[in-house]
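Line by line, the protein sequences are chains A and B. One gets my numbering by counting positions in the first sequence from 1 and adding 951 to each. Mapping of the second sequence onto my numbering: position 104 corresponds to residue 84, and the numbering continues sequentially without gaps. Here a beta-carbon is modelled for each residue, glycine too, at the ideal position from N, C-alpha and C. See structure below.
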Amino acid sequence: MASLSVSLSTPPAEFIAGARATLPLIVGGIPFGIIFGALAITSGMSPGAALMMSLLVYAGSAQFIGVNLFAAGAAIPLIVLTTFIVNVRHALYAATLAPHVRHLPIGWLLPLGFMLTDETFVVVIQHYAHDDSPRHKHWFYLGSALAMYISWTATTLIGIIAGGSIDNPERWGLDFAMSATFIGIVVPAIKTRPILAAVVTAGFVAMIANPLPYKLGLIAAALAGVAAGVIAEMLSGRAADAQPDVSPDSI
Amino acid sequence: MPTALELILIVGMAVVTFAVRFPVLVLVGRLPLPAPVFRALRYVPAAVLTAIIVPEVFMPGGTLTLSLESSTLVAGVVSALIAWRSGNLLLTITLGMGAFLLHRAVMGGF
């Protein structure tokens, strides 16, 4: 949807464009939400708690891990600590977006911060990368975030309702939808050598560090990837050419 | 209705999740960060998403599986090729999922 790069001046237009740009990621997230709802129920969580988790925590992969650990009888402080580590990457997203939203009052930053996910981040950072009409881009952010939030809670609800009738939801492997989504974002974004270095390094370290507990390998791989990108950028001396923003043509 | 234990769990998870998102969004915008930090932050999306995908695709169940019998590997390669050639996200998701389910069915995964 290249039309998103044209100047969008009004708040409603930005809001709708943000929701529309998030549509492909919503499609990829639909099975993920349904499986989460179903898994929560089949692992013994109450329907109210499963829905409340999507409404209040709103962090897909952390919710999966949380439900699994809870079902396995893990202590609550351990689950909360694991949630924190799994979600630390969101701090990187927040730091990346912060300069773009610095002018906004707390009343805006509260919902924007609460609804900051992988999906909304990749869509919104791409929009901020354009130079056009920066005045109302927070409406684009809000549109993307709300669309994803509503979809996540709605699909969770569907999963909760279907829960009893879906046998062994994890075996469906529908969570591959999330991998396909992220592949569709990352691969077209590999346009320069520094990004290639970041991707290869992050992937390599992610495999080596995979046995680490609490998904620590994820954050180690992310940091190694960022470092590799920076080093490759310095070595190539072509910082001006680097376009590391994730920018698939379809967004 | 949620049990007390479930409520404690959800509140705890909600608090730490909000704590990694919101304060950073507010504070980093108000602190003067050196330019190299901003340059580094531009590599965050590609690095984090890759770190999420790669173990899922290459190490289903936690062990490295480089085999044509691995549905995640085959569908992952198919998805990457489609993404590379088309640059279209929705196409990548639908065909990637299709490849995954087809491979799963052929291999008797269900």
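Beta-carbon of residue i versus every beta-carbon of chain A: anything under 7 Å?
| i | result |
| --- | --- |
| Ile(-10)/B | yes |
| Val86/B | no |
| Gly41/B | no |
| Thr72/B | yes |
| Leu21/B | yes |
| Ala15/B | no |
Less than 7 Å separating the beta-carbons of residue i and residue j?
| i | j | result |
| --- | --- | --- |
| Ser997/A | Val1018/A | no |
| Ala989/A | Ala1128/A | no |
| Ser59/B | Thr45/B | no |
| Val1073/A | Tyr1092/A | no |
| Gly1180/A | Ala1149/A | yes |
| Met87/B | Ala1131/A | no |
| Ala1175/A | Thr1152/A | yes |
| Val1008/A | Ala(-6)/B | yes |
| Gly984/A | Trp1090/A | no |
| Ser47/B | His83/B | no |
| Thr1107/A | Ser1005/A | yes |
Going by C-alpha distance, which of the options is nearest residue i?
| i | options | result |
| --- | --- | --- |
| Phe126/B | Ala(-1)/B, Leu53/B, Leu48/B and Gly9/B | Nothing can be reported for residue 126/B: it is not among the residues displayed for chain B, which extend from -19 to 90. |
| Leu974/A | Ser1130/A, Thr1107/A, Ala991/A and Ala1096/A | Ala1096/A |
| Ala85/B | Ala63/B, Ala55/B and Ile62/B | Ala55/B |
| Thr1034/A | Gly1011/A, Ala1175/A and Leu1048/A | Gly1011/A |
| Pro40/B | Phe80/B, Leu(-13)/B, Leu(-15)/B and Met(-7)/B | Phe80/B |
| Pro25/B | Tyr1100/A, Leu1060/A, Leu1147/A and Leu1029/A | Leu1147/A |
Any beta carbon from chain B within less than 7 Å of residue i's own beta carbon?
| i | result |
| --- | --- |
| Ala1000/A | yes |
| Asp1192/A | Confidence in Asp1192/A is poor, its pLDDT being 47 and thus under 50, which makes the residue's placement too unreliable to answer from. |
| Gly969/A | no |
| Met1003/A | yes |
| His1041/A | yes |
| Gly1058/A | no |
| Ala953/A | Since pLDDT at Ala953/A reaches only 43, below the 50 mark, its modelled position is unreliable, and no value is offered. |
| Val957/A | Annotation note: pLDDT 49 at Val957/A (below 50); position unreliable, no value reported. |
Fill in: Validate contact between the region 1036 to 1051 of chain A and the region 1168 to 1180 of chain A using beta carbons, cut 8 Å, 3 pairs
yes
Practice prompt. Give a yes or no on contact between the region 31 to 46 of chain B and the region 1148 to 1157 of chain A, applying the rule of three or more CB pairs nearer than 8 Å.
Written response: yes
Worksheet item: Would the region 1047 to 1060 of chain A and the region -10 to 8 of chain B be scored as touching if the rule is three or more Cβ pairs under 8 Å?
Response: Flag = yes, the region 1047 to 1060 of chain A and the region -10 to 8 of chain B touch.
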